[in-house]
Amino acid sequence: MTDTLQEEPLLIAEGLSKSYGRQLGCRDVSFELYEGEVMAVVGESGSGKTTLLNLLSTQIAPTAGRVLYRMRDGVTRDLAALGEAERRLLARTDWGFVHQDPAMGLRMGVSAGANVGERLMAVGWRHYGRIRGSATNWLHRVEIDPARIDDMPVTYSGGMRQRLQVARNLVTQPRLILMDEPTGGLDVSVQARLLDLLRGLTADLKLSVVLVTHDLAVARLLSHRITVMRQGEVIEAGLTDRVLDDPQEPYTQLLVASILPP
Amino acid sequence: MNAPVYNFAYLDEQTKRMIRRAILKAVAIPGYQVPFASREMPMPYGWGTGGVQVTASILGPDDVLKVIDQGSDDTTNAVSIRNFFIKTAGVRTTTSTGEATVIQTRHRIPEAALGEHQILVFQVPIPEPLRFLEPRETETRRMHALADYGLMHVKLYEDIARHGHIATTYAYPVKVDSRYVMDPSPTPKFDNPKMSNCAALQLFGAGREKRVYAIPPHTGVESLDFEDHPFERYRLDGTCAFCGANDSFLDEVITDDRGGRMFVCSDTDYCETRRSQSGAAETMAEASVPR
Amino acid sequence: MPVVLELIAVSKSFTMHLQGGLRLPVVAGITFSVRSGECVVLAGRSGIGKSSVLKMIFGSYRCDAGQILIGDCTPRTDVARASPRRMLALRKTTIGYVSQFLRAVPRVPAIDVVAEPLLGSGCSREDSRARAADLLHTLNIPESLRSLPPATFSGGEQQRVNIARGFLPDLPVLLLDEPTASLDAESCAVVTGLIAEKKKRGTAIVAVVHDETIRGRIADSVVDLAQFATAA
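Residue numbers (this note's numbering), protein chains in the order written: chain A, 552 to 813; chain B, 6 to 296; chain C, 35 to 266.
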């Protein structure tokens with residue numbers, strides 16, 4: 552039983568804060584995320600969880616604090632110090648972002664195959680046959696009938712669009728996925744299917760995930776760790792089952808008590 | 006009655022200076038779209054105002070100007086623009102590609118190879134090759150700045166998925182000097198290879214969109230494609246009914262209402278030159294359709 | 035045999051903030067150790083905190099004070115102070131847990147529920163499924179049920195799936211919470227057999243078993259939590 556935990560964290564948030572004038576987005580959020588860990592960020596509206604996600608993906612800049620990321624070459628860099636070209640390249644290869652509304656994460660005007668293949672083409676794939684082959688493979692993995700590869704996403708149902716968005720993100724084998732309420736707005740049975748898929752894929756591909764959700768059941772199903780936020784502050788954090796089974800803070804206890812029993 | 010007096014080539018000198026500066030910048034960054042303060046011209050947008058402004062800025066009294074539209078010297082637009090410059094600049098004009106020092110063209114590149122002493126000015130409607138896939142100017146500018154061109158291949162991918170081959174036949178996107186992706190204006194893709202390593206300077210003007218771009222002489226220009234769907238030059242299968250050429254870009258001319266048709270060279274000067282060279286005057290006499 | 039698990043003065047209470055901060059003491063001063071190949075059974079009346087102790091060892095409950103030391107060589111890991119990352123690694127490599135009730139992910143077939151922990155530690159899908167099938171067979175779960183999600187199974191069937199899931203990986207420490215509570219005599223015998231096998235292979239086991247007979251068959255020592263009981 553020797554200690555083999557030598558790896559460096561993949562993503563580090565250090566004292567992340569964001570305020571919009573006097574309006575607080577989030578304050579002093581810190582955590583370390585390792586490869587293969589799924590961390591849920593839960594909270595009600597106004598908790599700052601979406602702000603946190605946008606800070607992590609560098610869509611907005613922090614008022615204080617840093618986001619550090621371990622690149623594929625093993626060097627940990629401050630994302631704010633990266634040039635825009637580097638950041639865009641990371642966003643296209645090493646990271647994924649699954650939006651709540653799939654239309655925001657897809658190109659609705661091009662076929663499903665083109666949507667999945669775009670990232671490959673962006674990193675220099677130039678063989679049509681191989682691009683299409685990879686797209687077909689990924690459609691299959693997210694349980695979309697590959698015969699629909701040439702259909703436009705407008706012809707897809709909500710659940711299918713969301714799965715297409717997942718495929719589009721995973722095609723370059725990213726190491727970190729950020730998800731913003733991926734099951735929001737979907738019918739319950741459709742949600743269930745998507746959750747199963749996400750659960751399987753994150754385990755198979757050893758993805759690190761930061762998953763923003765207001766649904767504690769989704770957090771329990773998908774995540775290893777959980778961070779509870781309220782009005783911009785981190786209230787409690789730790790192992791998902793520990794926080795949900797033995798909540799320490801009053802707010803966490805309130806949240807857990809509010810879950811409707813099945 | 007006093008006729009209006011124009012400055013040489015219509016534009017005032019300060020405007021010409023401004024456009025020349027934009028042209029210099031464009032030449033220094035091959036394929037990059039340089040914004041310029043496009044002026045109101047005495048022809049509406051969509052009629053070649055960009056090309057006319059570029060020509061006006063570079064024309065000197067000793068220049069010999071040729072103007073073509075779809076390869077022909079005597080279509081309405083070519084004639085109008087040529088007359089415009091005769092009136093405002095008084096320069097010598099010609100229909101001969103070899104004799105011209107400045108050639109303004111709409112939608113074709115002449116068949117004859119161009120020389121180092123010549124400048125080819127293209128009329129461009131929409132300069133941004135990514136526009137149809139990405140409507141935001143802010144985003145396309147960033148894509149060019151970061152050489153983020155995956156989207157361009159998405160368009161070609163869609164073509165192949167939909168039609169089995171790259172269906173773009175004109176305005177076929179190219180990469181200039183291995184850096185910027187450019188729209189060569191609506192010239193047929195047949196003409197794309199002529200842009201690469203051309204001895205002449207090629208200038209592109211878009212009046213409505215207010216952009217100028219350039220390919221300096223002897224610059225590499227590659228048409229975008231896929232490894233397993235390489236770029237193909239497309240040409241109608243036929244020979245010119247007048248001069249017998251089987252290597253020039255052909256126009257299809259309908260001759261009657263019973264499906265009769267013939268193919269003729271789109272580049273009228275090329276066709277005429279070939280005919281006069283081979284002394285095929287009898288062919289011309291026999292042609293029933295006037296040019 | 036070396037001590038692989040040691041609890042020293044472990045204490046816990048619940049503070050119910052929603053009930054005005056009411057404090058419910060659970061356990062205090064728990065101290066015992068377990069060796070490789072040994073089975074320690076926790077005893078005491080219902081509600082005394084036996085399951086809570088198991089959950090603290092597994093990291094599902096927070097330990098307020100004291101130490102829970104895992105390992106047979108220094109430095110030993112203190113679960114009470116372990117980071118989430120360390121805890122996740124421990125659960126993969128060192129500590130297994132069979133809860134009292136199966137908390138199955140809906141829609142996942144029984145065989146995959148059982149195979150999942152093996153998959154997580156790098157075993158191939160075919161291999162883990164094959165071994166899962168074997169163990170389910172030993173526990174008398176018929177093949178027809180293996181491809182069905184356990185949600186519709188009977189209590190006893192669910193518990194046997196739960197046991198299979200906990201027993202399949204080969205972990206040095208195994209925590210069992212009433213493993214035979216909903217089982218008939220035949221299944222009980224199978225389970226006690228499995229426990230004996232684990233002990234022979236050197237697994238250290240901490241179990242909560244209230245049935246005296248079963249306790250007699252598996253326990254090497256009994257820790258009565260009443261000796262640590264806090265004042266009500």
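Glycine is no exception: its CB is placed at the ideal position from the N, C-alpha and C atoms.
Looking at C-alpha atoms only, which residue of B:Thr-260, B:Ile-24, B:Ser-253 and B:Phe-209 is the closest neighbour of Ile-2 of chain B? The structure shown does not extend to residue 2 of chain B, since chain B is modelled only from 6 to 296, so the question has no answer here.
Under 8 Å between the Cβ atoms of Leu-758 of chain A and Leu-604 of chain A? Not a contact, by the Cβ cut-off of 8 Å.
Hey, does Asp-738 of chain A have any beta-carbon neighbour from chain C nearer than 8 Å? Not flagged as an interface residue toward chain C: Asp-738 of chain A, since no C-beta distance is shorter than 8 Å.
Top-ranked residue by Cα proximity to Gly-212 of chain B, from B:Ile-220, B:Met-48 and B:Val-226: Minimum Cα distance to Gly-212 of chain B is reached at B:Met-48.
Report yes if the C-beta distance between Thr-627 of chain A and Leu-619 of chain A is below 8 Å; otherwise report no. Yes. Within cutoff.
Let's test the definition: count the other Cβ atoms within 10 Å of the Cβ of Cys-107 of chain C and tell me whether it reaches 16, buried, or not, exposed. By the neighbour-count rule (16 or more Cβ atoms within 10 Å), Cys-107 of chain C is not buried but exposed.
Can you check which of these residues, A:Asp-702, A:Thr-706 and A:Arg-719, is closest to Gly-668 of chain A by C-alpha distance? Cα-wise, what sits closest to Gly-668 of chain A is A:Arg-719.
Give me the chain B residues within the contact set of Ala-665 of chain A, using Cβ-Cβ distance strictly less than 8 Å, ordered along the chain. Near Ala-665 of chain A (Cβ distances below 8 Å), the residues of chain B are Val-159, Tyr-162, Glu-163 and Ala-166.
With a threshold of 7 Å on Cβ separation, who are the neighbours of Ala-94 of chain B within its own chain once the five nearest residues in sequence on each side are excluded? Counting only Cβ-Cβ distances below 7 Å, and skipping sequence neighbours, we find Phe-13, Ala-14 and Leu-64.
Is any beta-carbon of chain B found at less than 8 Å from that of His-678 of chain A? At least one chain B Cβ lies under 8 Å of His-678 of chain A.
Roughly how many angstroms lie between the CA atoms of His-765 of chain A and Arg-750 of chain A, to the nearest whole one? Between His-765 of chain A and Arg-750 of chain A, the C-alpha separation is close to 17 Å.
What residue ranges within the segment 199-252 of chain B form continuous alpha helix (DSSP H) runs of no fewer than 4 residues, ordered along the chain? List check, alpha helix (DSSP H) in window: nothing returned.
Return the CA-CA distance between Thr-602 of chain A and Tyr-585 of chain A, expressed in angstroms with no decimal places. Using only the alpha carbons, I get a separation of about 21 Å.
Got a sec, what are the start and stop residues for the alpha helix (DSSP H) Leu-210 of chain C sits in? Not the alpha helix (DSSP H): Leu-210 of chain C falls in the beta strand (DSSP E), residues 207-211.
In or out: His-171 of chain C buried (at least 16 other Cβ within 10 Å) or exposed? By the 10 Å Cβ count, His-171 of chain C comes out exposed.
Measure the beta-carbon distance from Val-785 of chain A to Asp-731 of chain A and round it to whole angstroms, keeping in mind my assumption that it falls under 8 Å. About 18 Å separates the beta carbon of Val-785 of chain A from that of Asp-731 of chain A, a gap too long to meet the 8 Å contact definition.
For the segment 201-245 of chain C, list the beta strand (DSSP E) runs that are entirely contained and at least 3 residues long, ordered along the chain. Qualifying beta strand (DSSP E) stretches, in chain order: 207-211 and 238-242.
Considering only C-alpha positions, which residue in the set A:Leu-606, A:Glu-583, A:Glu-588 and A:Leu-562 is nearest to Ser-570 of chain A? Among A:Leu-606, A:Glu-583, A:Glu-588 and A:Leu-562, the Cα nearest to that of Ser-570 of chain A is on A:Leu-606.
Spell out whether any CB of chain C is found under 8 Å from the CB atom of Met-552 of chain A. With a pLDDT of only 37 at Met-552 of chain A, under the threshold of 50, the placement of this residue in the model should not be trusted; the figure read from the coordinates follows. Closer than 8 Å: yes.
Buried or exposed: Thr-555 of chain A, going by 16 or more other Cβ atoms within 10 Å of its Cβ? Residue placement at Thr-555 of chain A is flagged as unreliable, the pLDDT there being 49, under the threshold of 50; the coordinate-derived value follows with that caveat. Around the CB of Thr-555 of chain A, fewer than 16 other CB atoms lie within 10 Å, so the residue is classed as exposed.
Taking only beta-carbon positions, decide if Arg-163 of chain C is within less than 8 Å of chain A. So no, Arg-163 of chain C is outside the interface.
Taking all protein chains shown into account, do 16 or more other C-beta atoms lie within 10 angstroms of the C-beta of Ala-266 of chain C, making it buried, or fewer, making it exposed? Only weak support is given to the placement of Ala-266 of chain C: the predicted model assigns it a pLDDT of 43, under 50, and the question is left unresolved by the model.
Can you give me the Cβ contacts of Met-703 of chain A inside the same chain, cut-off strictly under 8 Å, excluding the 5 residues immediately before and after it? Here the set comprises Met-659, Gly-660, Val-661, Ser-662 and Ala-663.
With a cut-off of 8 Å, does the C-beta of Gln-724 of chain A fall near any C-beta of chain C? With its beta carbon at least 8 Å from every one in chain C, Gln-724 of chain A lies outside the interface.
Limits of the alpha helix (DSSP H) - the one that Cys-276 of chain B falls within: Counting along the chain, Cys-276 of chain B sits inside the alpha helix (DSSP H) bounded by residues 273-283.
Tell whether a beta-carbon distance below 8 Å holds between Gly-56 of chain B and Tyr-185 of chain B. No, Cβ-Cβ distance for Gly-56 of chain B and Tyr-185 of chain B is not below 8 Å.
Looking at C-alpha atoms only, which residue of C:Ile-145, C:Asn-196, C:Thr-65 and C:Val-207 is the closest neighbour of Ile-239 of chain C? Sorting C:Ile-145, C:Asn-196, C:Thr-65 and C:Val-207 by C-alpha distance to the C-alpha of Ile-239 of chain C places C:Val-207 at the top.
What does the alpha-carbon distance come out to for the pair Ser-162 of chain C and Arg-578 of chain A? For Ser-162 of chain C and Arg-578 of chain A, the distance between alpha carbons rounds to 44 Å.
With C-beta atoms as the reference, is Thr-609 of chain A less than 8 Å away from Arg-638 of chain A? Thr-609 of chain A is a Cβ neighbour of Arg-638 of chain A, given a cutoff of 8 Å.
Quick one: list the residues of chain C neighbouring Gly-789 of chain A, beta-carbon separation under 7 Å, in chain order. At a beta-carbon threshold of 7 Å, the residues of chain C lying near Gly-789 of chain A are Pro-118, ordered along the chain.
Residue interval of the beta strand (DSSP E) (run including Asp-146 of chain C): For Asp-146 of chain C, no beta strand (DSSP E) run applies; the uninterrupted alpha helix (DSSP H) run containing it begins and ends at 144-154, by DSSP.
Is DSSP giving Ile-810 of chain A helix, strand or coil here? Note: Ile-810 of chain A maps to coil in three-state DSSP.
Residue-level contact to chain B via CB, Thr-555 of chain A, 8 Å cutoff: With a pLDDT of 49 at Thr-555 of chain A, under the threshold of 50, the modelled position of this residue cannot be trusted; read the value that follows with caution. Cβ-Cβ to chain B under 8 Å: no for Thr-555 of chain A.
In or out: His-112 of chain B buried (at least 16 other Cβ within 10 Å) or exposed? Classification of His-112 of chain B: buried, given that the 10 Å Cβ count is 16 or more.
With a threshold of 8 Å between beta carbons, is Met-121 of chain C in contact with chain A? At a cut-off of 8 Å between C-beta atoms, Met-121 of chain C counts as an interface residue with respect to chain A.
Could you check whether the Cβ of Arg-235 of chain C sits closer than 8 Å to any Cβ belonging to chain A? Under the Cβ criterion of 8 Å, Arg-235 of chain C is not counted among the residues facing chain A.
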